[in-house]
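Asker:
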Amino acid sequence: MSTTVIPPTPPAQPAPQPAGPPPRSGPSNAAKAVAILVIVFGALVLVGAMVSAALSTIAAASVSTQSQTEAAGGVTMLDADVSAGSLRIEFADVTEAELDVTRAWGIGDWTLERSGSTLVIASPEGAWGSGWWWFGGTGDAVLRLPLAVERADADLTLSAGSIAADGEFDDIRLVLGAGSADVSGVADTIAADISAGSANVDLSDVSDADLSVSAGSLDVTLSGSTPEDVTLEVSAGSLTVTVPDDVYDIRSDVSAGDFENRIGSTAGAPNSIDVQVSAGQVVLRSR
Numbered sequence: 001m002s003t004t005v006i007p008p009t010p011p012a013q014p015a016p017q018p019a020g021p022p023p024r025s026g027p028s029n030a031a032k033a034v035a036i037l038v039i040v041f042g043a044l045v046l047v048g049a050m051v052s053a054a055l056s057t058i059a060a061a062s063v064s065t066q067s068q069t070e071a072a073g074g075v076t077m078l079d080a081d082v083s084a085g086s087l088r089i090e091f092a093d094v095t096e097a098e099l100d101v102t103r104a105w106g107i108g109d110w111t112l113e114r115s116g117s118t119l120v121i122a123s124p125e126g127a128w129g130s131g132w133w134w135f136g137g138t139g140d141a142v143l144r145l146p147l148a149v150e151r152a153d154a155d156l157t158l159s160a161g162s163i164a165a166d167g168e169f170d171d172i173r174l175v176l177g178a179g180s181a182d183v184s185g186v187a188d189t190i191a192a193d194i195s196a197g198s199a200n201v202d203l204s205d206v207s208d209a210d211l212s213v214s215a216g217s218l219d220v221t222l223s224g225s226t227p228e229d230v231t232l233e234v235s236a237g238s239l240t241v242t243v244p245d246d247v248y249d250i251r252s253d254v255s256a257g258d259f260e261n262r263i264g265s266t267a268g269a270p271n272s273i274d275v276q277v278s279a280g281q282v283v284l285r286s287r
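Numbering-wise (UniProt numbering), the sequence shown opens with residue 1 and increments by one.
(1) What would DSSP say about Val186, mapped onto helix, strand or coil?
(2) Which same chain residues, not among the five before or five after Ala148, have their C-beta less than 8 Å away from its C-beta?
(3) Per DSSP, what are the beta-bridge partners of Phe259 in this structure?
(4) Which residues mark the beginning and the end of the beta strand (DSSP E) in which Asp79 is found?
(5) Looking only at its chain, what residues have a beta carbon closer than 8 Å to the beta carbon of Glu96, apart from the 5 residues adjacent to it on each side?
(6) Return yes when the Cβ of Ile121 is within less than 8 Å of the Cβ of Leu143, no when it is not.
(7) Inspect the beta-carbon positions of Ser238 and Gln276 and report whether they are closer than 8 Å.
(8) With DSSP as the reference, please indicate the residues paired to Phe41 in a beta bridge.
(9) Since Thr138 sits in a beta bridge, which residues does DSSP pair it with?
(10) I'd like to confirm the pairing. Which residues does DSSP put opposite Val277 in its beta bridges?
(11) Between Tyr248 and Thr189, what straight-line distance do the alpha-carbon atoms span, to the nearest angstrom?
(12) Can you find the residues in the same chain that come closer than 6 Å, C-beta to C-beta, to Trp128, ignoring five residues on each side of it along the sequence?
(13) With C-beta atoms as the reference, is residue 359 less than 8 Å away from Leu99?
(14) Would Glu233 be called buried (16 or more neighbouring beta carbons within 10 Å of its own) or exposed?
(15) Are the CB atoms of Gly161 and Val82 within a distance shorter than 8 Å?
(16) For Ser168 versus Val183, is the C-beta spacing smaller than 8 Å?
(17) Three-state secondary structure (DSSP) at Val149?
(18) Please state whether DSSP places Ala215 in a helix, a strand or coil.
(19) I need the boundaries of the beta strand (DSSP E) containing Val175, first residue and last residue.
(20) Where Ala31 and Ala196 are concerned, what is the direct C-alpha to C-alpha distance, given to the nearest angstrom?
(21) I'd like the span of the beta strand (DSSP E) that includes Glu98, first residue to last.
(22) Between which two residues does the beta strand (DSSP E) carrying Glu70 extend?
(23) Please state the DSSP three-state secondary structure of Val247.
(24) State the beta-bridge partners of Leu158 as determined by DSSP.
Structure representation (structure tokens):
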């Protein structure tokens, strides 16, 4: 008799589980660097804004006004030297020369003094060692002169900032190294030398004008009586001159640049205009 052995049924295999999502990879090194840079830049901007606001508050709280006076009797010359800041010169119903300066704390003093018949005004030097000059240059100055001083000569020198003068003068000399100048009123003669920056001159009854531009721009309007002798020289930059409507003998020498003559020329005319252009532009017109 034979015996049949039946092997046991193998255990059931568990059903395969579905595959999960692939593991997430972290940000790349480049992305991390960009994020760090953005955070640092934002922090710097925020700190800069806070520092700027604090400095503005300090500057506003530290502003003061300085006043000076000087005897003006017998003054025949005004000598103004501005290295930074702004100066406005005007004539008023006063008995002495009065200088008012609005400035931030730590700025050096403007000076107003007599040297014989010359009244001298000067700004402090605009340098790191002179105080908190970056809050507004060396200050804003206003010089008021007695009406009796009108017809004095004026020597105006500007290295930076701005200067403005309005009144009646005899001879005016304007030297501009940078910044802006605005001169108006009446004068017998005007000599202007512009090295950089811009200047506007509006004068009447000028008999002699000597105008030179080596860079920057100069806009001059002469009205009233006809000037007898005008010299224009430009080596760079631009010069625009408006003269009274009259006849002029115009002589020009243009080696480069451009000379635009809108008034023509009459040979032998009693009023002469000499023009020399080595670069830049000169525009001559009348009204």
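All residues carry an ideal CB built from backbone N, CA and C; glycine is no exception. On a predicted model such as this, the values are computed, not experimentally measured, just so you know.
Answerer: For this structure:
(1) It is a strand residue.
(2) Taking C-beta separations shorter than 8 Å and ignoring five residues to either side along the sequence, the partners of Ala148 in its chain run Ala72, Gly73, following chain order.
(3) Looking at the DSSP assignment, Phe259 forms a beta bridge with Val282.
(4) Run containing Asp79: 77-82, per the beta strand (DSSP E) assignment.
(5) Cβ within range, chain order: Thr69, Glu70, Ala71, Ala72, Pro146.
(6) Cβ atoms of Leu143 and Ile121: closer than 8 Å.
(7) No. Outside cutoff.
(8) Bridge partners of Phe41 according to DSSP: none are assigned.
(9) Bridge partners of Thr138: none, in fact.
(10) The partner list for Val277 (beta bridge, DSSP) reads Val234, Val254.
(11) In a straight line, the C-alpha of Tyr248 is about 18 Å away from that of Thr189.
(12) Its pLDDT being 43, under 50, Trp128 is placed unreliably in this model, and the coordinates cannot settle the point.
(13) Any property of residue 359 remains undetermined from this structure, which presents the chain solely from 1 to 287.
(14) Around the beta carbon of Glu233, 16 or more other beta carbons lie within 10 angstroms, which makes this residue buried.
(15) Yes, Cβ-Cβ distance for Val82 and Gly161 is below 8 Å.
(16) In the sequence on display, residue 168 carries Glu and not Ser. In this structure, Val183 does not lie closer than 8 Å to Glu168 by Cβ.
(17) Taken through DSSP and simplified to helix, strand or coil, Val149 comes out as helix.
(18) In the three-state reduction of the DSSP assignment, Ala215 falls in the coil class, being assigned neither a helical nor a strand state.
(19) Counted as a single uninterrupted DSSP element, the beta strand (DSSP E) harbouring Val175 occupies residues 162-176.
(20) Going by the C-alpha atoms only, they are around 48 Å apart.
(21) Start and end: 97-103.
(22) Run containing Glu70: 64-70, per the beta strand (DSSP E) assignment.
(23) Coil at Val247, not helix or strand.
(24) Paired residues: Val82, Leu176.
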